[in-house]
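Here's the structure, in structure tokens; my notes come after.
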Amino acid sequence: MACDHSFDYKFLRPKKLKHLLVQPSFMLLCSSVSGRSSQSGIFRDKTISSFSRSRSSRKSVMASPPILSLALPSDTGRVLSIQSHTVQGYVGNKSAVFPLQLLGYDVDPINSVQFSNHTGYPTFKGHVLNGQQLWDLIEGLEANDLLYYTHLLTGYIGSVSFLNKVLEVVHQLRCVNPNLTYVCDPVMGDEGKLYVPEDLVSVYREKVVPVASMLTPNQFEAELLTKLRIGSETDGREACNILHATGPSKVVITSINIEGNLLLIGSHQKDKEHAPEQFKIVIPKIPAYFTLVACLMGGNDVRRGEHDYISSSITTDVSLGFCSWKIILLLELLKNLIIQSLDIDIVDIMMKFRTYCLLKGTGDLMTALLLGWSNKYPNNLDKAAELAVSSLQALLQRTLSDYRRAGFDSQSSSLEIRLIQSQDDIRNPKLTFKADKYT
0 MACDHSFDYK FLRPKKLKHL LVQPSFMLLC SSVSGRSSQS GIFRDKTISS
50 FSRSRSSRKS VMASPPILSL ALPSDTGRVL SIQSHTVQGY VGNKSAVFPL
100 QLLGYDVDPI NSVQFSNHTG YPTFKGHVLN GQQLWDLIEG LEANDLLYYT
150 HLLTGYIGSV SFLNKVLEVV HQLRCVNPNL TYVCDPVMGD EGKLYVPEDL
200 VSVYREKVVP VASMLTPNQF EAELLTKLRI GSETDGREAC NILHATGPSK
250 VVITSINIEG NLLLIGSHQK DKEHAPEQFK IVIPKIPAYF TLVACLMGGN
300 DVRRGEHDYI SSSITTDVSL GFCSWKIILL LELLKNLIIQ SLDIDIVDIM
350 MKFRTYCLLK GTGDLMTALL LGWSNKYPNN LDKAAELAVS SLQALLQRTL
400 SDYRRAGFDS QSSSLEIRLI QSQDDIRNPK LTFKADKYT
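Here the sequence shown is numbered in numbering that gives the first Met the number 0, starting from 0 and rising by one per residue.
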């Protein structure tokens with residue numbers, strides 16, 4: 000599909016132009032634009048003279064926004080975020096938009112689904128956006144010359160048809176801004192389990208990866224995209240190389256479980272002639288609290304216990320959230336050694352453990368933070384990852400601490416991240432994690 004570079008400023012046709020020029024708001028706009036340095040903000044290439052040339056040469060390539068977008072240019076960028084949305088709680092766009100705004104970005108969300116709450120609760124209601132409805136929104140933006148974006152961010156997508164329409168959106172946005180950065184979180188599954196239709200895997204691998212600027216898969220998703228089993232750090236680095244060869248210059252595998260350690264592995268290939276710069280960040284174990292319900296023979300006694308640590312995967316979406324399957328396996332192994340001697344029902348332990356370990360939206364938040372910081376440090380992906388991990392870990396600590404103090408309701412199916420309460424950690428994170436560069 001070819002780009003049509005003939006841009007029709009509908010609001011500047013002769014009859015409308017005469018009316019528009021006498022409007023006080025437009026006169027103020029022109030005054031403010033003419034007095035602004037052409038080197039300000041992200042629109043350094045745009046001047047009033049370039050606007051004048053666009054009227055005389057209808058075939059000029061538009062690499063900057065229409066004039067009305069110059070009223071208040073952003074120093075960082077404008078992001079179109081296509082993700083899920085919930086009325087209550089923080090997942091998808093609810094988890095990504097606010098942090099990006101805190102980092103200085105203008106963010107325009109398109110909600111791929113709109114639910115009452117996330118699916119970790121017993122019930123939910125809402126609506127799912129289909130591909131045609133997505134395209135209707137894009138056409139509405141295009142009709143008003145509002146399709147200039149510096150970044151596109153996508154997260155969970157549940158159907159092949161919608162994903163294919165997103166690919167059309169990528170193409171359309173790059174017709175307007177060839178320098179668009181597309182950050183893709185290829186949400187497909189975790190811990191060896193798919194939670195999207197299997198057909199989506201090949202679409203991601205064959206169509207999405209080649210057009211993405213940055214990918215943020217977890218270990219399982221990276222394995223699906225590369226057809227490489229990741230069992231070591233070397234495998235993780237090789238997976239990044241395979242993805243680089245296909246398309247994206249930046250890859251961050253946000254969680255890799257290797258020999259009991261949880262790692263983030265990042266890779267930035269600045270040009271095809273040189274090997275990518277690669278690094279790792281060791282993700283710590285986060286203290287967590289959960290309740291053990293004792294089902295004593297002939298009694299209703301309740302015992303409560305605190306366990307020191309659980310693994311904290313930063314790519315949670317569905318399934319067990321950031322619970323490590325190794326912990327659950329350990330509980331199973333302890334069944335005959337300890338649990339039975341205490342007459343405690345292992346099922347209750349498993350359910351309570353699962354209840355207190357579910358955190359939704361952290362993967363969406365992580366990808367948003369990587370977008371935000373990597374744009375601020377375009378040649379220093381390891382620095383961006385350090386800041387993103389530091390913010391997220393501070394948020395996780397606050398979330399678990401607040402729920403512990405409040406006495407979490409064991410009937411609820413999930414914790415909600417303390418996003419608003421952690422805004423200082425997002426805007427000005429304390430750098431508590433250091434990337435180790437591979438040589």
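No residue lacks a Cβ here, since even glycine has one placed at the ideal position from N, Cα and C.
Query, Result
"Identify every run of the alpha helix (DSSP H) within the segment 120-198, keeping only runs that are complete inside it and at least 4 residues long; order them along the chain.", "130-142, 159-175"
"Hey, which unbroken runs of the beta strand (DSSP E) at 3 residues or more fall wholly within the segment 212-280?", "249-257, 260-267"
"For I109, which of helix, strand or coil comes out of DSSP?", "strand"
"Under three-state DSSP, which class holds R417?", "coil"
"For Q218 and V200, what's the separation of their Cα atoms in angstroms?", "14 Å"
"If you measure between the beta carbons of I264 and G235, is that distance less than 8 Å?", "yes"
"Can at least three beta-carbon pairs, one atom from the segment 376-395 and one from the segment 107-119, be found at a separation below 8 Å?", "no"
"How close, in whole Å, do the beta carbons of L227 and A238 come, if the pair is a contact with beta carbons under 8 Å?", "5 Å"
"Given a threshold of 16 other Cβ atoms within 10 Å of its Cβ, counted over all protein chains shown, does S254 qualify as buried or as exposed?", "buried"
"If we ignore side chains and look at the alpha-carbon of each, how far apart do S80 and S400 end up?", "30 Å"
"Put T85 into one of helix, strand or coil per three-state DSSP.", "strand"
"Could you check how far apart the C-beta atoms of I416 and T431 are, in whole angstroms? I think they sit under 8 Å.", "Going by Cβ atoms, the distance from I416 to T431 rounds to 18 Å, so no, they are not a contact pair."
"I need the straight-line Cα distance from R77 to T180, nearest angstrom please.", "11 Å"
"Taking 8 Å as the cut-off, does the segment 81-98 touch the segment 417-428 (at least 3 CB pairs, one atom from each stretch)?", "yes"
"Distance check for K279 and D435, CA to CA, integer angstroms please.", "5 Å"
"Quick one: Cα of A244 to Cα of R404, how far?", "48 Å"
"For V182, count neighbouring C-beta atoms within 10 Å of its own C-beta (all shown protein chains included) and say buried if the count is 16 or more, exposed if not.", "buried"
"Going by DSSP, name the residue or residues bridged to L391.", "Answer is none; L391 lacks a bridge partner."
"CA-CA distance, K269 and V250?", "12 Å"
"Sort Q87, Y147, D105 by Cα distance to L370 and report the nearest one.", "D105"
"Just how far apart, CA to CA, sit D74 and E205?", "34 Å"
"How about V202 and V159: do their beta carbons lie closer than 8 Å?", "yes"
"Where does V78 sit, in a helix, a strand or coil, going by DSSP?", "strand"
"Starting from the C-beta of K164, find all residues in its chain whose C-beta is less than 7 Å away, skip the five residues before and the five after it, and write them out in chain order.", "G130, L133, W134"
"What's the C-alpha gap between Y147 and G259?", "45 Å"
"Suppose contacts are defined by Cβ-Cβ distances below 8 Å. Is E232 in contact with G188 by that definition?", "no"
"Which of the three DSSP states is assigned to F432 in this structure?", "coil"
"Using 8 Å as the threshold, is the C-beta distance between K359 and H117 below it?", "yes"
"Using the C-alpha atoms, what's the distance from V168 back to C82?", "Per the sequence shown, residue 82 should be read as Gln rather than Cys. Taking the straight line from one Cα to the other gives about 14 Å."
"For R52, does the count of other Cβ atoms within 10 angstroms reach 16, so buried, or fall short, so exposed?", "Confidence is the limiting factor: at R52 the pLDDT is only 38, short of 50, which leaves the residue's position unreliable and the question unanswerable from this model."
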